[in-house]
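Counting from 1 along the sequence shown, just add 30 to a position and that's the residue number in the working numbering.
Here's the structure, in C-alpha cells; my notes come after.
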Amino acid sequence: MVKLIEMMLDEKLLTKDAISTLVKMRPPKKISFANLIAEGMLDTDTLEQFLVKKIRQGVITLSHLEKIEGIDIVPIIKEVAKALNVEYIDLDETEIDMKLFSQVPYKQLTKYHIIPIEENDLNVLIVFDDPLDMAAQDAIQRLFPRKPIRIAIAQPKQIHKHLQRLEINESIKGLVADIRKDLNQEGVDDEEESPAVLKLIDIVLKSAIYAGASDIHIEATEKSCIVRERVDGMLRQSFTFDKDIFNPLASRMKLLSNLDIAEKRKPQDGRFSATINQREYDFRVSTLPTIYGESIVLRILDKTKAMIRLEDAGMSKFCYDRFSEAIKVPYGIVLVTGPTGSGKTTTLYGALNAIKDVKDKIITVEDPVEYQMSGLQQVQVKPEVGLTFASALKSILRQDPDKIMIGEIRDQETLRIAIQAALTGHLVLSTLHTNDAISAVTRILDMGIEEYLVSGALVAIQAQRLVRKICPHCKKETVLPETLLRDVKQYLPENPTFYVGEGCKECGHSGYAGREMISEVLTVSETLSRMIARNASKEELTKQALEEGFISMFEDGVNKALEGKTTIEEIYRVARL
C-alpha cells in the first residue's frame, strides 16, 4: 500500500500536499486510497488505470488488490482481463466440471493456484491466480498435451475458497471410488445398500453440523452433484461430486426418510433422526424433481438445543425494554413480523420462556412444533384431518387459556379469531409476514379486519431481521466507501469507526461468524390507537411513531455496525432506508 502510494507520487498521479492534508485533519485520517477518493484528492478511474498498468508490468499481482481497503477490485480485474485479452470468470456463478478437475493432481492446483473449468473440442479453460506466470502455464499445458489451454482470471479469494472446498473432496476420493465399485458389483437397483454411501452421508451431515448449518441442499446439476450448507443465512458449497454419485446418495436419503425410492417425478416429504457427536438431531427432508434429477433439502433441528432467552436474542436495550414490556400485558395481541428465516419463531419461543408461569395456562398452535417446551400445551396443525390454525384456535379458546401463541397468521379467519381472543382477555403472540412494523397495521386492515377491532387489540409489533456478526478472530478497522457513507450520514456521530472481518479459518474465510438480530418495536400508544381507529395512512402513523421515540430497524442496524458487531454492507443486505 505504502509502495503503491510512493509510485503514484513519483508518477505525479498524487501530490504530497494531498497526503499531508489527510495527516493534518483533526482527528488525522488514515492514508488510504478510500480516504484519498473520499476527500476528492484522487479519482477512481485514475486509481483503476494505475493498478491495471502495475499488474500488466508484473509489479503487483491480483492477490495484492485484495489487501487494498475501500475499493471494489472486480472492475480492476475485468480491466486486466481485457488488457491481457483473457476471460474474466466469476467462480461463484460458474459450474466446475469435476471430471476435468480430477485429471489435475491436487498438488499442482494448490502450487499454481489454478482451477480447471471446462473442456471443449478446441481447448481447456483454466482459471489462473496470476495470468503472467508462464511457468504455471507451461506446467498445466503439459497435463493436457492434446489441446491448448485457454487462460482466464478470477478473484484470488474465490480461487482460494474453491481450492479449500475441493481439498475436502480430495480427502473423500476413496469413498467415492468405493461407491462406484459397489454400484458396479451390485447393480443400480441395489444402489441404496452401498455401505460407502452411508459413510458419505455421515460425512455430509457431520460437516454441516460442525459448520453450524441450518439446512443442507443436495442438488443434481448438468455436470455434477453439489452439496451446499446454509450457514448464518447464506448458502455455501461444501462438496462437489461427479454426477453419477447423485442417484445412490438420493436413494439412500429417501430410504432413511421412509420415502418412495422409485418416485422421482413428484415432491416428497419425510424425516429421520441421527445421533452425531453424542447429540440427537432431527432432519426434515424435502425432495423436488428438477430438469437434471432432483433437489433434496434437509432442515437440521437440534433436539437438545436449549431455548434461547429473550435477553440473549441480540436485541438492542431499547427494543428489548419495549418488547419485554409489551409481552407482560394481561391481554391484547403482540406480533412479530419479518420474512422467512428472520428468527420470528425463535423470538416467540424466547417470549414464551420469559412469561411462562405455573399460574397461567399457555397453549401454542404451530406448524410444525419445532422445539418442545415444558409448561406449555403445544398443538401440531394437521390440515389433512381438518385441524387448521383457525379450527385449532377455536378449540383452544374452549380450553380456558391465559396466553396463546399462534405459529403464523395465514388467513383472515385465523386473524379474526386471534383479535377476538385478544379483546376477550387473552394475551396472543403470533407472527405475520410484513417488511416492517408499521406495514403490519395496514396488512391487518387489508385482510378485512375492522379498524376499531385492530386499534383495541394491538399492543405492539416487532419487525426483525438477522444479520451476520463480524468474526472476532479476524476483525479489523475499515474505511467505508463514500457511496455507502453518504446514505447513512444522518445516523452517524462525528468520525465513526467501522469494522470488517478479513476472513480466516475460524469463519471459513467469510469474515462472519454467527448471527444477531436487528429490530424495531412499535408500541401502540393511545394516540396511535386512535389514529388506527380513524384509518390514518402509513405516513401519518410513521410520523407519530417517530415523535414517540420509535427507532427504525435500519437505524438499529447502523448502531450495531458502530458497536463493531456487524458491517454496514450487512445492514444494506437485509434492511433498507
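The beta carbon of each residue, even a glycine, is placed where N, CA and C say it ideally should be.
Keep in mind it's a predicted model, so treat the numbers as computed, not measured.
Have a look at the options and flag the residue whose alpha-carbon is nearest the alpha-carbon of residue i.
| i | options | result |
| --- | --- | --- |
| Arg613 | Lys358, Cys349, Ile275, Val261 | The question about residue 613 has no answer here: the residues shown for the chain are numbered 31 through 607. |
| Pro502 | Thr251, Ala493, Glu536 | Glu536 |
| Glu249 | Gly437, Lys389, Leu318 | Leu318 |
| Lys129 | Lys141, Glu149, Ile233, Thr553 | Glu149 |
| Ser469 | Arg86, Ile562, Gln429, Lys386 | Ile562 |
| Thr596 | Arg498, Leu510, Arg516 | Arg498 |
| Gln494 | Thr553, Asp387, Gly371, Val53 | Gly371 |
| Phe348 | Lys97, Lys590, Glu41 | Lys590 |
| Met55 | Ile107, Leu453, Asn525, Ile67 | Asn525 |
| Ser325 | Lys506, His247, Val134, Arg309 | His247 |
| Ile98 | Lys33, Thr553, Gly405, Val327 | Lys33 |
| Val134 | Glu117, Glu512, Val154, Phe580 | Val154 |
| Asn608 | Leu427, Tyr136, Thr74, Pro278 | It is not possible to answer for residue 608, since the shown part of the chain is limited to 31 through 607. |
| Phe580 | Ser316, Ser346, Phe302 | Ser346 |
| Gly380 | Met403, Glu556, Asp397 | Met403 |
Ordered along the chain, which non-local residues of its own chain (more than five positions away) have a Cβ less than 6 Å from that of residue i?
| i | result |
| --- | --- |
| Glu222 | Legend: pLDDT at Glu222 = 47, less than 50; position of this residue unreliable, value from coordinates given subsequently. Hits under 6 Å: Ser281, Arg282, Leu285. |
| Phe276 | Ala250, Cys255, Gly323 |
| Ile119 | Val157, Ala182, Ala184 |
| Phe131 | Pro146 |
| Gln492 | Phe353, Val366, Ser549, Val551 |
| Gly88 | Leu162 |
Among all the DSSP beta bridges, which residues are the ones paired with residue i?
| i | result |
| --- | --- |
| Ser316 | Asp299, Val327 |
| Gly531 | Lys505 |
| Arg258 | His247, Gln267 |
| Pro146 | Ile156 |
| Glu546 | Val497 |
| Thr553 | Ala490 |
| Leu417 | Lys412 |
| Asp332 | Tyr311 |
Ignore the nearest five residues each way along the sequence and tell me which others in residue i's own chain have a CB closer than 7 Å to its CB.
| i | result |
| --- | --- |
| Leu378 | Val366, Met435, Leu459, Thr461 |
| Gly455 | Tyr361 |
| Asp220 | Any reading at Asp220 must be qualified, since the residue scores a pLDDT of 47, below 50, and its modelled position is unreliable; the value itself is stated next. There are no such residues. |
| Leu81 | Leu95, Ile106 |
| Gly486 | Leu453 |
| Glu400 | Leu331, Thr375 |
| Gly368 | Lys374, Ala493, Gln494, Arg495 |
| Gly300 | Ser287, Asn288, Leu289, Val315 |
Would you give the residue range spanned by the alpha helix (DSSP H) that residue i belongs to?
| i | result |
| --- | --- |
| Tyr142 | 136 to 142 |
| Val597 | Val is not the amino acid found at residue 597; the sequence shown has Thr there. Element bounds for Thr597: n/a, residue is neither H nor E. |
| Met128 | 128 to 131 |
| Val395 | Unbroken run through Val395 is the beta strand (DSSP E), 392 to 396; no alpha helix (DSSP H). |
| Ser460 | No alpha helix (DSSP H) holds Ser460; the beta strand (DSSP E) holding it covers 457 to 462. |
| Arg180 | Where Arg180 is concerned, there is no enclosing alpha helix (DSSP H), although the beta strand (DSSP E) it sits in stretches over 179 to 183. |
| Asn307 | It is not in any alpha helix (DSSP H) - Asn307 carries neither H nor E in the DSSP assignment. |
| Asn115 | No alpha helix (DSSP H) holds Asn115; DSSP gives it neither H nor E. |
| Asn277 | 276 to 286 |
| Ser404 | No alpha helix (DSSP H) contains Ser404, which DSSP labels as neither H nor E. |
| Pro526 | No alpha helix (DSSP H) holds Pro526; DSSP gives it neither H nor E. |
| Ser609 | Examination of residue 609 is not possible in this model, given that the chain is present from 31 through 607 alone. |
Quick one: using the 10 Å Cβ neighbour count with 16 as the cut-off for buried, is residue i buried or exposed?
| i | result |
| --- | --- |
| Leu576 | exposed |
| Thr464 | buried |
| Met547 | buried |
| Glu600 | buried |
| Val395 | buried |
| Glu341 | exposed |
| Glu259 | buried |
| Asn115 | exposed |
| Lys433 | buried |
| Thr270 | buried |
| Thr508 | buried |
| Met38 | buried |
| Lys112 | exposed |
| Arg545 | buried |
| Ala165 | exposed |
| Val218 | Its pLDDT being 47, under 50, Val218 is placed unreliably by the model, and nothing is read from it. |
| Arg606 | exposed |
| Lys389 | exposed |
Determine the extent of the beta strand (DSSP E) in which residue i is found, giving its start and end residues.
| i | result |
| --- | --- |
| Ser268 | 264 to 272 |
| Gly362 | 362 to 367 |
| Phe158 | 154 to 158 |
| Gln574 | Per DSSP, Gln574 belongs to no beta strand (DSSP E); it is in the alpha helix (DSSP H), 568 to 577. |
| Lys433 | 433 to 436 |
| Gln408 | 407 to 410 |
Excluding five sequence neighbours on each side, which residues of the same chain lie with their C-beta closer than 8 Å to the C-beta of residue i?
| i | result |
| --- | --- |
| Ile189 | Leu121, His143, Ile144, Ile145, Val157, Asp159 |
| Glu36 | none |
| Leu514 | Ile598, Glu599, Tyr602 |
| Leu510 | Ala64, Gly100, Phe528, Ile598 |
When the cut-off is 7 Å and only beta carbons count, does residue i lie next to chain D?
| i | result |
| --- | --- |
| Ala48 | The structure shown contains no chain D, having only a single protein chain. |
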